[in-house]
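Chains as they are written, first to last, in UniProt numbering: chain Y, 1 to 236; chain U, 1 to 236.
Glycine residues also receive a C-beta, built at the ideal position from the N, C-alpha and C atoms.
These notes concern the structure reproduced below.
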DNA sequence: TATTATAATTGTACATGCACAATTTATCAA
DNA sequence: TTGATAAATTGTGCATGTACAATTATAATA
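Set out below in structure tokens:
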């Protein structure tokens, strides 16, 4: 683990231990540097990480303060790292509906940037959060990059396997979201009615070297999923 | 404008001028430093910014490459900065449904962290994108922080006014998203039918000093709004 | 007391330099 | 040709230091 990540973790622990609340002030930068015995660069990067994560915010000339989400029951949609802490609080289970190795379907070739006829693992699963149906997930993994998968792995966390066992370095992803009415086939799987609202998220995952390896379409159960996003820029 | 932001903009221009496509390689770091005549720190920060923005990705030992979204018609939901480029491509209009100065409603006090009885500007508008209804927005601005607003400002971009005219520094925000069925009242405004799907986003905006100043609830028209998110961490 | 000017505090921008890790290319042996 | 090994390339991590800008506290003034 990198030093600035380690430092960030230690600062989180510090916040926890001292039971700091929203708006509470941390020690000033210089003292943090001394206290955690790192350079200014490292501390700055650690703080920047925590800021992006939504844990703290910094005010020049004033100090470093705790920023905390209070609402419970929301899924952290984009966590920029450290999603484990977030999801550990929830019990995630998967039921595999289908698992096969097929030639890459036409409409997905473009998304995966794959050669015609290339083989992909096609997986369909239902994912449960704390016992409730959270979403239906259809995903396609390029065999060129993910040479082997089996049903057992797919029942657990696929990404953990990719990172741990295969040593793949997962980089960035493009997500496309839209809201619509549930088609009949999907509704059945989610135990909802056709026409009910649904959030659909298409994602193309890339390795750190930029190669796309996974395309997935997730349809969320509108009653069992709500999301929180902590953002730092500005929008509409 | 800060030097590293300026540099980032210049690099974007470079990409544009040279018509670089997805996967194309930029000059190596050392040359970029010479070419744009900045220090390594500045260049690194500029590249980091572009990476978070989704414009490029960097591969150690290999180089810096262009990452581009190709799908059209999607609204960039979180832009971490530079949303103008994105929205300039669209024509955004607003119709003000109501505009008043009222004591902060009970259920919003907590979100705004305001004192009981504090006055807020309550605004309801419909926002159009390229002539189509995009969303219904209800927002509440604390008068303590935003001393003056009028109908004319509200018909344009409120945030631009806050930043330009009032000199407020807008910092971070917490967003809560969920999908549901349109209630009757909202459906009318969006020219949809009650029970149709809807994406609702609640947002609490803060100044850079951490004080919340705006709480808004936006309900999107499911047929006229889809979103793209370019992310860099990992999730589910 | 209220207001204004000044100083102290505190985080941010930027420059430079060394060490290192991942990738790619070149080299050589089988 | 293939496969292993070494070397060059190239971005990342981390340390140190200077200058500066925004905030807050203090002192001076009306």
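Mind listing, in chain order, the continuous alpha helix (DSSP H) runs of no fewer than 4 residues lying wholly within the region 23–80 of chain Y? 29–36 and 40–53
Would residue 141 (chain Y) count as contacting chain U if we go by Cβ distances under 8 angstroms? no
Give the DSSP-derived three-state secondary structure of residue 13 (chain U) in the structure shown. helix
Determine which residues share a DSSP beta bridge with residue 172 (chain U) and list them. In DSSP, residue 172 (chain U) forms no bridge with anything.
Give a yes or no on whether the minimum CB-CB distance between residue 103 (chain Y) and chain U is below 8 angstroms. no
Along the region 186–219 of chain Y, where does the CB come closer than 7 angstroms to a CB of chain U? Name the residues. 197, 198, 199, 208, 209 and 210
Coarse secondary structure for residue 156 (chain Y), derived from DSSP in three states: coil
Per the DSSP calculation, residue 128 (chain U) is bridged to which residue(s)? U:93 and U:133
Could you check whether residue 56 (chain U) and residue 67 (chain U) sit closer than 8 angstroms to each other, using their CB atoms as the reference points? yes
Between the C-alpha atoms of residue 130 (chain U) and residue 217 (chain U), what's the straight-line distance to the nearest angstrom? 21 angstroms
Residues near residue 40 (chain Y) in its chain [Cβ-Cβ closer than 8 angstroms; skip 5 each side]: 29 and 33
Give the list of continuous alpha helix (DSSP H) stretches no shorter than 4 residues that lie fully inside the region 162–236 of chain U. 184–190
Can you tell me the Cβ-Cβ gap for residue 222 (chain U) and residue 176 (chain Y), rounded? I've got them flagged as a contact below 8 angstroms. Not really, about 14 angstroms apart at Cβ, beyond 8 angstroms.
With 8 angstroms as the threshold, decide whether the Cβ of residue 172 (chain Y) is near any Cβ in chain U. yes
Do you know how far the Cα of residue 202 (chain Y) is from the Cα of residue 220 (chain Y)? 11 angstroms
Contact belief for residue 154 (chain Y) with residue 96 (chain Y) at Cβ below 8 angstroms, rounded distance in angstroms: 5 angstroms
Nearest CA to the CA of residue 139 (chain U): which residue from U:182, U:169, U:191 and U:213? U:213
When you compare the CB positions of residue 5 (chain U) and residue 49 (chain U), do they come within less than 8 angstroms of one another, or not? yes
Selected residue, minimal CA-CA separation from residue 47 (chain U), among U:7, U:141 and U:20: U:7
Could you check what DSSP says for residue 102 (chain U) in three-state terms: helix, strand or coil? strand
Bridge partners for residue 123 (chain U) per DSSP, in chain order? U:99 and U:139
Take residue 227 (chain U) as the anchor and find which of Y:189, Y:209, Y:198 and Y:178 has the nearest alpha-carbon. Y:178
From residue 100 (chain Y) to residue 193 (chain U), what distance separates their C-alpha atoms? 40 angstroms
Tell me, please, whether the CB atom of residue 224 (chain U) is closer than 8 angstroms to any CB atom in chain Y? no
Quick one: what does DSSP say residue 150 (chain U) is sitting in, helix, strand or coil? coil
Between the region 120–139 of chain U and chain Y, which residues of the former have CB atoms less than 7 angstroms from a CB of the latter, in chain order? none
Give the DSSP-derived three-state secondary structure of residue 144 (chain U) in the structure shown. coil
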